[in-house]
Amino acid sequence: MLSIDLRGKKAFIAGIGDDQGFGWAIAKMLAAAGATLYIGTWTPILNIFTTAWKNGKFDASRELPNGSLMEFAQVYPLDASFDYPEDVPQEIRENKRYKDVSAYTVSEVAQQVEQEHGKIDILIHSLANGPEVKNPLLKTSRKGYLAALSASAYSFVSLIQHFGPRMNRGGSALTLSYLASERAIPGYGGGMSSAKAALESDTKMLAFEAGREWGLRINAVSAGPLASRAAKAIGMIEKMVLYYEANSPLKEELKAEQVGAAAAFLSSPLASAITGEVLYVDNGYHAMGMATEVPKEA
Ligand SMILES: NC(=O)c1ccc[n+]([C@@H]2O[C@H](COP(=O)([O-])OP(=O)(O)OC[C@H]3O[C@@H](n4cnc5c(N)ncnc54)[C@H](O)[C@@H]3O)[C@@H](O)[C@H]2O)c1
3 MLSIDLRGKK AFIAGIGDDQ GFGWAIAKML AAAGATLYIG TWTPILNIFT TAWKNGKFDA
63 SRELPNGSLM EFAQVYPLDA SFDYPEDVPQ EIRENKRYKD VSAYTVSEVA QQVEQEHGKI
123 DILIHSLANG PEVKNPLLKT SRKGYLAALS ASAYSFVSLI QHFGPRMNRG GSALTLSYLA
183 SERAIPGYGG GMSSAKAALE SDTKMLAFEA GREWGLRINA VSAGPLASRA AKAIGMIEKM
243 VLYYEANSPL KEELKAEQVG AAAAFLSSPL ASAITGEVLY VDNGYHAMGM ATEVPKEA
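All residue numbers for the sequence shown refer to the working numbering, where the first residue is 3 and numbers rise by one.
1. To the nearest whole angstrom, what separates the beta carbons of Ala-75 and Leu-48, a pair I think is in contact under 8 Å?
2. Assuming the contact rule is C-beta atoms closer than 8 Å, Ile-268 and Leu-176 should be a hit. Round their C-beta distance to whole Å, please.
3. Hey, how far is the Cα of Ala-68 from the Cα of Ile-126?
4. Does ligand 1 have a heavy atom nearer than 7 Å to the CB of Gly-192?
5. Verify the contact flag: Gly-338, CB atom, against every heavy atom of ligand 1, threshold strictly below 7 Å.
6. Per DSSP, what kind of secondary structure is Ser-154 in: helix, strand or coil?
7. Check whether the stretch 217-226 touches the stretch 275-286, counting contact only when three or more Cβ pairs, one atom from each stretch, lie closer than 8 Å.
8. Following a CB-centred definition, is Pro-227 positioned closer than 7 Å to any heavy atom of ligand 1?
9. Where Asn-131 and Thr-107 are concerned, what is the direct C-alpha to C-alpha distance, given to the nearest angstrom?
10. Give the secondary structure of Ser-179 by DSSP, where H, G and I count as helix, E and B as strand, and everything else as coil.
11. Going straight from the alpha carbon of Ala-13 to that of Lys-59, what length do you get?
12. Could you tell me how far apart the beta carbons of Gly-10 and Ser-128 are, in whole angstroms, since I believe they sit closer than 8 Å?
13. Hey, Leu-252 and Gly-291 are a contact pair by Cβ (cut 8 Å); roughly how many whole angstroms apart?
14. Using 10 angstroms around the beta-carbon of Pro-79, count the other beta-carbons present and answer buried if the total reaches 16, otherwise exposed.
15. Tell me which residue opens and which closes the beta strand (DSSP E) that Asp-20 is part of.
16. Which class does Pro-79 belong to by DSSP, given the choice of helix, strand or coil?
17. Using 7 Å as the cut-off, classify the Cβ of Gln-163 as near or not near the heavy atoms of ligand 1, replying yes or no.
18. Could you check which residue in Asp-89, Ala-35 and Leu-281 has the C-alpha nearest to that of Leu-4?
19. Excluding the 5 residues flanking Met-72 on each side, which residues of the same chain have their C-beta closer than 7 Å to its C-beta?
20. For my contact list, Asp-81 and Thr-45 are in at a C-beta cut-off of 8 Å; report their separation, rounded to the angstrom.
21. Report the partner residues of Arg-95 according to the DSSP bridge assignment.
22. Once DSSP output is grouped into helix, strand and coil, what is the label at Leu-208?
23. How many angstroms separate the CA atom of Val-103 from the CA atom of Gly-166?
24. Let me make sure I understand the geometry here. Which of Trp-216, Ala-16 and Gly-23 has the alpha-carbon closest to that of Ile-239?
25. Let me check understanding here. Comparing Cα to Cα, which of Val-111, Gly-172 and Phe-210 lies closest to Ile-15?
26. Please report the residue range of the alpha helix (DSSP H) in which Lys-56 lies.
27. In angstroms with no decimal places, state the Cα-to-Cα distance between Lys-136 and Arg-185.
28. Mind reading off the beta-carbon distance from Leu-151 to Ala-197? Whole number of angstroms is fine, and I expect it under 8 Å.
29. Any heavy atom of ligand 1 inside 7 Å of the beta-carbon of Gln-113?
30. Can you check whether the CB of Gly-192 is closer than 8 Å to the CB of Lys-237?
31. How would you call Thr-294, buried or exposed, if buried means at least 16 neighbouring beta carbons within 10 angstroms?
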């Protein structure tokens, strides 16, 4: 029987802060396939996440198909907007959510993971942040635009720069994108659409460079809408979910597990010739050129 077997593989997942998002769903699928998981949780929410975990808040959603509970071998604080300790501004360093935490820049986390666990096989980038996401692009400041690009696109480049040399040949890195990279999605502002366009372009360039340099595969999943914590910040996610459900070839609500399953496949040896790909996991919505729901004439 053909199955996804990731036993003996080590995965680092950047961008888990609760059990509602794609990172969590991907983690569950990788765990179900036998991988050992290390995760990076955004520094300011690390305490909230680990406390909720200890208090059993996630126990029900940790359950794997064989009845066991998903485990993270280690949770690292991570702020993927910073590459080296000297990049962290004083005001952030002294912020109450950062001041008792150390070694959360990308270079430090990659170094620690290797020191503590050796080379990894799978890298997942499931994070994004656009402080002005609610602003139309026409009203986005340069600062907000660059912050979206930094946290949501360059963070993937940085993760691959720092983890790439610490990954086994044949390893896989995956990021999460969205259709707003190539089509106008009203309301997806703040430079987030620009960040997703950069992310998809980078996926191709990194596939070439990291393929030649370290024998790694680099792919993206362009996912349909999911009411995660990050998506709720956009302010219209419920509408997007309903719109996709009404207008997609498969008339269903997308489940995070479906993205998790695609991610597990792309991370596995079954996808060993797939790299530089942006795979749509959106019930086929991207293929549509016209909405099926037409407003009634006035
Ligand atoms: N939810 C959707 O509708 C949707 C659709 C397509 C693509 N995506 C993408 O999926 C990915 C995961 O998002 P999600 O929707 O599952 O939400 P999520 O809230 O589960 O994940 C986003 C994570 O990014 C973390 N984060 C933010 N800034 C960070 C930083 N500087 N350093 C480290 N971590 C940081 C947050 O703490 C959070 O845990 C994102 O790239 C998002 O754009 C989401």
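By construction, the Cβ of each residue, glycine as well, lies at the ideal position given by its N, Cα and C atoms. Fair warning: this is a prediction, and the values are worked out from it, not measured in the lab.
Quick answer:
1. With 8 Å as the limit, Ala-75 and Leu-48 do not qualify as a contact, their Cβ atoms being about 16 Å apart.
2. For clarity, residue 268 is Leu in the given sequence; the question names Ile instead. Confirmed, Cβ separation roughly 6 Å.
3. A quick correction: the sequence has Asn, not Ala, at residue 68. Roughly 23 Å separates the two Cα atoms.
4. no
5. Residue 338 falls outside the range modelled here, since the chain spans only 3 to 300, and no answer is possible.
6. helix
7. yes
8. yes
9. 16 Å
10. strand
11. 23 Å
12. So it is not a contact: roughly 23 Å between Cβ atoms.
13. Not quite, the Cβ-Cβ distance comes to about 16 Å (not below 8 Å), so this is no contact.
14. buried
15. Note, Asp-20: premise wrong, no beta strand (DSSP E); not H, not E.
16. strand
17. no
18. Ala-35
19. Ala-29, Lys-30, Ala-33, Arg-64 and Leu-66
20. 5 Å
21. Note: Arg-95 sits in no beta bridge, so no partner.
22. helix
23. 25 Å
24. Gly-23
25. Val-111
26. 48-56
27. 17 Å
28. 5 Å
29. no
30. Note that residue 237 is Gly in the sequence shown here, rather than Lys. Contact flag unset, no.
31. exposed
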